[in-house]
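Engineer: Can you read through this structure? Questions will come right after.
What follows is the structure, encoded as structure tokens:
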């Protein structure tokens with residue numbers, strides 16, 4: 334499962350038109366770390382059956398409702414084990430890492446210098 338989540342993180346960072354292209358031997362899209370860590374068919378099978386919450390137990394309709402339980406677990410663990418870093422020095426803002434692609438959770442803010 335750690336390879337599965339690692340591939341999700343890497344594929345979110347390295348954008349390709351389709352995730353399956355990371356396993357094809359093309360110099361532009363091939364990712365050796367992904368290809369050697371988990372077979373493509375096994376990744377697709379895990380992706381097909383992976384759910385963070387069952388649909389009958391889903392209570393809200395917001396965009397991240399299906400992964401909200403996973404976010405809560407991650408936030409709890411980050412706050413519990415992340416005390417090593419002083420929060421006054423750790424800050425990631427889109428002004429530091431500009432992101433110009435479309436994303437459903439990103440909103441347009443008039444007057445925001447990042448767009």
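Residue numbers (our numbering): 334 to 448. Glycine included, C-beta positions come from ideal geometry on N, C-alpha and C. It should be emphasised that the depicted structure is a prediction, and the values quoted were computed from it without experimental measurement.
(1) Looking at residue 355 and residue 368, is the spacing between their C-beta atoms short of 9 Å?
(2) Tell me which residues share the same chain as residue 411 and place their Cβ nearer than 6 Å to its Cβ, disregarding the 5 neighbours each side in the sequence.
(3) Just the Cα atoms here: how many angstroms apart are residue 342 and residue 404?
(4) Looking at the unbroken alpha helix (DSSP H) that takes in residue 376, where does it start and where does it end?
(5) Give the straight-line distance between the Cα atoms of residue 336 and residue 392, rounded to the nearest whole angstrom.
(6) Assuming residue 329 contacts residue 352 under a Cβ cut-off of 8 Å, what Cβ separation, rounded to an integer in Å, is found between them?
(7) So with Cβ pairs under 9 Å, would you call residue 335 a contact of chain C?
(8) Apart from the five residues on each side of it in sequence, which residues of its chain come closer than 6 Å, Cβ to Cβ, to residue 370?
(9) What does a CB cutoff of less than 7 Å around residue 349 pick up in its chain, not counting 5 residues either side in sequence?
(10) Does DSSP classify residue 394 as helix, strand or coil?
Structural biologist: Working from what's here:
(1) yes
(2) Excluding positions up to five away in sequence, the list is empty.
(3) 14 Å
(4) Segment 373 to 382, the alpha helix (DSSP H) holding residue 376.
(5) 30 Å
(6) Summary: the structure shown does not reach residue 329, with the chain confined to residues 334 through 448, and so no result is reported for it.
(7) In the displayed structure, chain C is absent; only one protein chain is listed.
(8) 336
(9) 355 and 362
(10) coil
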